[in-house]
Amino acid sequence: MSSEEIFNSTFSTEDLTELKAYPLRWIVFSLLAIRLVGTIGMGLLLGFSSIWLRRNYYEVFLLVHISLSAVVLVGLFIHTSVFTGGYDRYLWPVVIVWLLDRIVRIIRLIYCNLYIRQNGEALLSSKGTASYDSASKLIRLEITPGSGALAPRPGQFYYIYQPLRWRGYESHPFTVGSWSQITDNKGFSGAEIVHSEERKSGYPAKYTLVFWIRPFDGWTRRLRSQCIHSEGNKIETTFLLEGPYGTSIPLYNFENVVLIAGGAGFAGVWPHIEDHMRRSQSLDSQQTHVGVHSPAAPLVRTKSITLVLASRQSGLFNELLETETVCRLSKLGVKIEFYSTSRSTNSSTNIQEPDENTRLLLEENETLSGQHAPTFIPIKHGRPNIRKILNQALCNSCETEAGSSNTNMRAAVLVCGPAAMSDETRIAVRELLQKERRGIEYYEEAFNW
1 MSSEEIFNST
11 FSTEDLTELK
21 AYPLRWIVFS
31 LLAIRLVGTI
41 GMGLLLGFSS
51 IWLRRNYYEV
61 FLLVHISLSA
71 VVLVGLFIHT
81 SVFTGGYDRY
91 LWPVVIVWLL
101 DRIVRIIRLI
111 YCNLYIRQNG
121 EALLSSKGTA
131 SYDSASKLIR
141 LEITPGSGAL
151 APRPGQFYYI
161 YQPLRWRGYE
171 SHPFTVGSWS
181 QITDNKGFSG
191 AEIVHSEERK
201 SGYPAKYTLV
211 FWIRPFDGWT
221 RRLRSQCIHS
231 EGNKIETTFL
241 LEGPYGTSIP
251 LYNFENVVLI
261 AGGAGFAGVW
271 PHIEDHMRRS
281 QSLDSQQTHV
291 GVHSPAAPLV
301 RTKSITLVLA
311 SRQSGLFNEL
321 LETETVCRLS
331 KLGVKIEFYS
341 TSRSTNSSTN
351 IQEPDENTRL
361 LLEENETLSG
371 QHAPTFIPIK
381 HGRPNIRKIL
391 NQALCNSCET
401 EAGSSNTNMR
411 AAVLVCGPAA
421 MSDETRIAVR
431 ELLQKERRGI
441 EYYEEAFNW
């Protein structure tokens, strides 16, 4: 839109004639100027809504969008005021919807982050700890919400605020990577279950939520800077949560599950590993108390899980091993494959045979059913061969189960990683389906926002 078009769309010939003849010409000119401001504002809104700006400078896009929208809306009210409210019925709904959205989000923040006990003795608020690991290049953010009503599920995400900063109005979505249920007196690991009969306090269950964040620009870079300049690369401050949002994929309904993650995408698949451990432990506990054939026992159909994790930073593997009990996974039929892609070639089809000389040492005193747990997990160098992994995990497992191809055995493939990894996995699943390997469901978690 050229300046001449804007001028012509704003000032008509009649307007200019009226402007010259009207005694209070400056009032008329002000009204016409508002038309010009509104037209330019709408044009700028369109220009500042580009995908490039939203991806790289989202905060700038947000502030400009809100400011220009307010200017245009006020201009429309002034511009249509000469019609004595004739157009207000079109403008006020816009204002009401925006105000209701702001009010509901504020109420939601209060509900998610503040909790007053029934006796009125304590006001609980959300607290968090952020630490930066230079080896994995990840920020580990642990938040304990003030409200106990935020029961997370695998695959869900939260909006996170840091209100005590000058940009505290910013909110950013992150998938919850892990959580642990806690009580007032004792904490429990992410793989443990706290039964209702064991909690007699009458208060809602509370959770500590863990988010693994790869810092880039904006708020994540500032959060990393705060951690680096703090003692122990760790800060403790107030964080606010809004959520959870999103749906959870019921992978526990599949006999065979393959989880594939690239880099920080492991935060999208690891909650399903923990969910499997919780359900299996809960099932064992209920069978011990009420019998094997109790209808109260939860259904856990999953018999085999393959976890494939690829990352350039080998410290990412240490992050998992230092914070989670990976040794227990072998008891539950979970096969883990770690790939370090820092030495790999650009093509996933020309990788060398995996080098299993690099070992991840685990706690030697970990035991599984009275037996010593494995003391190492190999790290394979190179990019994973997705086709080969899926063929081994899906086709071979079916033959093992029934001695021949079992089309009734349901399988699920979940991937969370870069676009190239997701594309390769999708193509591999399609090839398996074309080979009459039925019963495979493909799921893809969002890796980028």
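In terms of the numbering used here, the sequence shown opens at residue 1 and continues consecutively. Cβ atoms here follow ideal geometry from the backbone N, Cα and C, with glycine treated the same way.
Item	Value
Using the C-alpha atoms, what's the distance from Arg-224 back to Ala-402?	Because Ala-402 carries a pLDDT of 49, less than 50, the predicted location of this residue cannot be relied on, and the following value inherits that uncertainty. Computed Cα separation, rounded: 51 Å.
Just to confirm, are Val-82 and Gly-41 a CB contact at a threshold of 8 Å?	no
For Thr-247, count the other beta carbons within 10 Å of its own beta carbon; 16 or more makes it buried, fewer makes it exposed. Which is it?	exposed
Secondary structure at Tyr-115, three-state DSSP: helix, strand or coil?	strand
Pull up the DSSP beta-bridge partners for Ile-34, would you.	The partner list for Ile-34 (beta bridge, DSSP) is empty, contrary to what the question assumes.
Asp-133 by DSSP, collapsed to three states: which one?	strand
Helix, strand or coil: which one does DSSP assign to Asn-256?	strand
Hey, Thr-208 and Glu-142: beta-carbon distance below 8 Å or not?	yes
Distance check for Ile-116 and Lys-206, CA to CA, integer angstroms please.	13 Å
Go to His-79, then tell me how far its beta strand (DSSP E) extends in each direction, as first and last residue.	First-last for His-79: 58-79, but that is the alpha helix (DSSP H), not the beta strand (DSSP E).
Compute the minimum distance between the beta carbon of Pro-378 and the heavy atoms of the ligand SAH, and state whether it is under 7 Å.	This structure simply doesn't include the ligand SAH, nor any ligand for that matter.
Check whether chain C comes within 8 Å of Leu-329, counting only Cβ atoms and requiring the distance to be less than that.	No chain C appears in the structure shown, which is made up of a single protein chain.
Return the bridge partner residues of Lys-127 from the DSSP annotation.	Thr-144
Give the straight-line distance between the Cα atoms of Trp-92 and Gly-262, rounded to the nearest whole angstrom.	47 Å
Can you give the Cα-Cα distance for Asn-56 and Lys-435, rounded to whole angstroms?	42 Å
Does the pairing of the region 417-432 with the region 162-175 give three or more beta-carbon distances under 8 Å?	no
Sort Gly-146, Phe-157, Val-176 by Cα distance to Asn-113 and report the nearest one.	Gly-146
With contact counted as at least three CB pairs below 8 Å, one residue from each stretch, are the region 126-139 and the region 237-246 in contact?	yes
Compute the Euclidean distance between the alpha carbons of Arg-437 and Val-413, then round it to the nearest angstrom.	13 Å
If we count the other Cβ atoms within 10 Å of its Cβ and call it buried at 16 or more, is Phe-216 buried or exposed?	exposed
Span of the alpha helix (DSSP H) holding Trp-219?	219-228
What is the C-beta distance between Phe-157 and Gly-243, in whole angstroms, given that I count them as a contact (C-beta under 8 Å)?	6 Å
Please classify Trp-179: is it buried, with 16 or more other beta-carbons within 10 angstroms of its beta-carbon, or exposed?	buried
Quick one, which of Ser-126, Cys-416, Ile-66 has its alpha-carbon nearest Trp-98's?	Ile-66
Tell me whether Thr-208 sits in a helix, a strand or coil according to DSSP, three-state version.	strand
Express the C-alpha separation of Val-269 and Pro-473 in angstroms, rounding to a whole number.	This structure does not reach residue 473, given that the chain is present from 1 up to 449, and the question cannot be answered.
Could you check if Val-60 is buried or exposed, using at least 16 other CB atoms within 10 Å of its CB as the buried criterion?	exposed
Measure the beta-carbon distance from Leu-68 to Leu-45 and round it to whole angstroms, keeping in mind my assumption that it falls under 8 Å.	5 Å
With a threshold of 16 other CB atoms inside 10 Å of the CB of Val-308, please say whether the residue is buried or exposed.	buried
State the Cα-Cα distance for the pair Lys-137 and Ser-282, rounded to the nearest angstrom.	35 Å
Give the DSSP bridge partners of Val-308, in chain order.	Ile-260, Glu-337
Ordered along the chain, which non-local residues of its own chain (more than five positions away) have a Cβ less than 8 Å from that of Val-429?	Leu-390, Val-413, Ile-440, Tyr-442
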